[in-house]
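Student:
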Amino acid sequence: MSDLTVSCVQPALQWHNPEGNRAELSRLINEIPIPTDLIVLPEMFSTGFSMEAPAYAETLDGPSVAWMQHIAAERQAVVTGSLMLREGEDFYNRLLWVRPDGTMSHYNKRHLFSLAQEQSVFVPGTESLLEELKGWRIRPLICYDLRFPVWSRNTPEQPYDLLLYVANWPAVRRTAWSTLLRARAIENLAYTIGVNCVGIDHHGQPYTGDSALLDMKGEYLVEVGNQQTCITRTLRRAELEAFRNRFPALHDADAFSLQPTPAPI
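Going by the working numbering, the sequence shown opens with residue 1184, and the numbers climb by one from there.
1. Can you give the Cα-Cα distance for Thr1435 and Tyr1343, rounded to whole angstroms?
2. Within a Cβ cutoff of 6 Å, which residues of the same chain sit near Gly1401, ignoring the five residues on either side of it in sequence?
3. Where Gly1264 and Phe1430 are concerned, what is the direct C-alpha to C-alpha distance, given to the nearest angstrom?
4. Are the region 1185–1197 and the region 1272–1291 touching by the rule of at least three beta carbon pairs closer than 8 Å?
5. From the DSSP output, which residues share a beta bridge with Cys1326?
6. Name the two residues that bound the continuous alpha helix (DSSP H) containing Trp1334.
7. For the candidate residues Ser1361, Gly1308 and Gln1302, whose alpha-carbon lies nearest to that of Tyr1403?
8. Going by beta carbon distance, what residues of the same chain come within less than 6 Å of Ser1335, once the five residues before and after it are set aside?
9. Determine the DSSP secondary structure at Gly1264, reduced to helix, strand or coil.
10. Do you know how far the Cα of Gly1245 is from the Cα of Phe1153?
11. Going by DSSP, what residue range makes up the alpha helix (DSSP H) through Ser1209?
12. Would you check if the region 1218–1234 and the region 1422–1429 touch, i.e. whether three or more CB-CB distances between them fall below 8 Å?
13. Within 10 angstroms of the Cβ of Leu1298, are there 16 or more other Cβ atoms? Answer buried if so, exposed if not.
14. Starting from Ala1395, trace the beta strand (DSSP E) both ways and give me its first and last residue.
15. Are Val1354 and Pro1389 touching if we call contact CB-CB under 8 Å?
16. Taking the DSSP output, what are the residues bridged to Met1287?
17. Whole angstroms are fine: how far does the CA of Arg1419 sit from the CA of Pro1339?
18. Using the C-alpha atoms, what's the distance from Ile1383 back to Phe1228?
19. DSSP state of Leu1313, grouped into three classes?
20. Taking the CB atoms as reference points, tell me whether Arg1416 and Leu1397 lie closer together than 8 Å.
21. Got a sec? Which residues, its chain only, sit under 8 Å from Leu1441 by beta carbon, not counting five neighbours each side?
22. Is it the case that the Cβ atoms of Asn1409 and Val1381 are separated by a distance below 8 Å?
23. Among the residues of its own chain, which have a CB less than 6 Å from the CB of Thr1412, if the five just before and after it don't count?
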């Protein structure tokens, strides 16, 4: 059973400045002191949490995707994070899972943030993503998804070992962030990571980061506070398996099925 080394990048995002954000993210990534398997970026890492997709959404052959592929190849690690992407006439808040060989998978954010009218700009996702890395099964999700436990559920049909949220989560709701990360880790018996950003956006909204890595018991392995930083930790597979064997609560979980969300009246 292999351990998994994960690097979480918590930047101060520059509003609508993809080139500047890529440069700063590169600087933080260059500080990773050891070989890593997975590099995690926040939600909308190239622009900040913006609804101006017609002006700032990129395509899969655009510079931000090429940058992710370059970093993945250079570091020989998977790189993941979300950005605004355009396909035809549609826009997506899309998480990309970029491998060192340049291939990629994606997840489109399912729960769009209605308070910001995100659903008026982006097409919601309908399919989850389950990736495997060094024998670890990983479920990546995006920000607001954290509030919806059914979508995050660890199921017999799609079991996972690591639950991952990339986010642009503001300071005003930081209590919910820390509480829900802990709840998702406990109820799913999985390592859980939340990667956020810091700074103040164009609307004056502050972000305090609070990126964190929790174990399957909901205990914090690391929490980074409100500084711009990159943290690297190794997750121990043996500890995960040992705890699940001692406390097999997932076997007692209720069965369920997801139905499409009704359109608003």
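Where is the CB? At the ideal position from N, CA and C, for every residue including glycine. Note that the coordinates shown come from a computational prediction; the quantities given were computed from them, not determined experimentally.
Tutor: Well, looking at it:
1. Counted from its first residue, the sequence shown places residue 1435 at position 252. Counted from its first residue, the sequence shown places residue 1343 at position 160. First, the residue type needs correcting, since residue 1435 is Asp and not Thr in the sequence shown. In this model, Asp1435 and Tyr1343 are separated by some 16 Å (Cα to Cα).
2. If you number the sequence shown from 1, residue 1401 lands on position 218. For Gly1401, where only same-chain residues beyond five positions count, the Cβ hits under 6 Å are Arg1365, Ala1368 and Ile1369.
3. Counted from its first residue, the sequence shown places residue 1264 at position 81. Counted from its first residue, the sequence shown places residue 1430 at position 247. Cα-Cα distance, rounded: 32 Å.
4. no
5. The residue labelled residue 1326 in the question sits at position 143 within the sequence shown. Answer is none; Cys1326 lacks a bridge partner.
6. In the sequence shown, residue 1334 corresponds to position 151, counting from 1. Residues Pro1332 to Ser1335.
7. Here residue 1403 refers to the residue found at position 220 of the sequence shown. Selected option, being the one with the closest Cα: Ser1361.
8. Working through the sequence shown from its first residue, we reach residue 1335 at position 152. Here the set comprises Arg1367.
9. Translated into positions along the sequence shown, residue 1264 becomes position 81. If DSSP states are grouped into helix, strand and coil, Gly1264 belongs with the strands.
10. Any property of residue 1153 remains undetermined from this structure, which presents the chain solely from 1184 to 1448.
11. Along the sequence shown, read from residue 1 onward, the residue named residue 1209 stands at position 26. Looking at the DSSP string, the run of the alpha helix (DSSP H) that includes Ser1209 is Pro1201 to Ile1212.
12. no
13. Walking along the sequence shown from the start, residue 1298 turns up at place 115. Leu1298 comes out exposed.
14. On the sequence shown, residue 1395 is found 212 positions in, with the first residue counted as 1. If you look at Ala1395, you'll find it in the beta strand (DSSP E) that goes Ala1395 to Leu1397.
15. Reading the sequence shown from its first residue, position 171 is the one you call residue 1354. Reading the sequence shown from its first residue, position 206 is the one you call residue 1389. The amino acid occupying residue 1354 in the given sequence is Ala; Val does not appear at that position. Yes, the Cβ-Cβ distance between Ala1354 and Pro1389 is below 8 Å.
16. Your numbering for residue 1287 matches position 104 in the sequence shown. Paired residue(s): Val1281.
17. In the sequence shown, counting from the first residue as 1, residue 1339 sits at position 156. In the sequence shown, counting from the first residue as 1, residue 1419 sits at position 236. If I take the Cα positions, the gap works out to 22 Å.
18. Taking the first residue of the sequence shown as position 1, residue 1228 is located at position 45. Taking the first residue of the sequence shown as position 1, residue 1383 is located at position 200. Rounded to the nearest angstrom, the two C-alpha atoms are 14 Å apart.
19. Counted from its first residue, the sequence shown places residue 1313 at position 130. In the structure shown, Leu1313 sits in coil (DSSP, three-state: anything other than H, G, I, E or B).
20. Locating residue 1416 in the sequence shown gives position 233, where the first residue counts as 1. Locating residue 1397 in the sequence shown gives position 214, where the first residue counts as 1. At a Cβ-Cβ threshold of 8 Å, Arg1416 and Leu1397 do not count as neighbours.
21. Within the sequence shown, residue 1441 is the residue found at index 258, counting from 1. Excluding residues within five positions, the ones whose Cβ falls inside 8 Å are Val1333 and Trp1334.
22. In the sequence shown, the residue the question calls residue 1409 occupies position 226. In the sequence shown, the residue the question calls residue 1381 occupies position 198. Yes, the Cβ-Cβ distance between Asn1409 and Val1381 is below 8 Å.
23. Residue mapping note: residue 1412 aligns to position 229 of the sequence shown, counting from 1. Counting only Cβ-Cβ distances below 6 Å, and skipping sequence neighbours, we find Gln1193.
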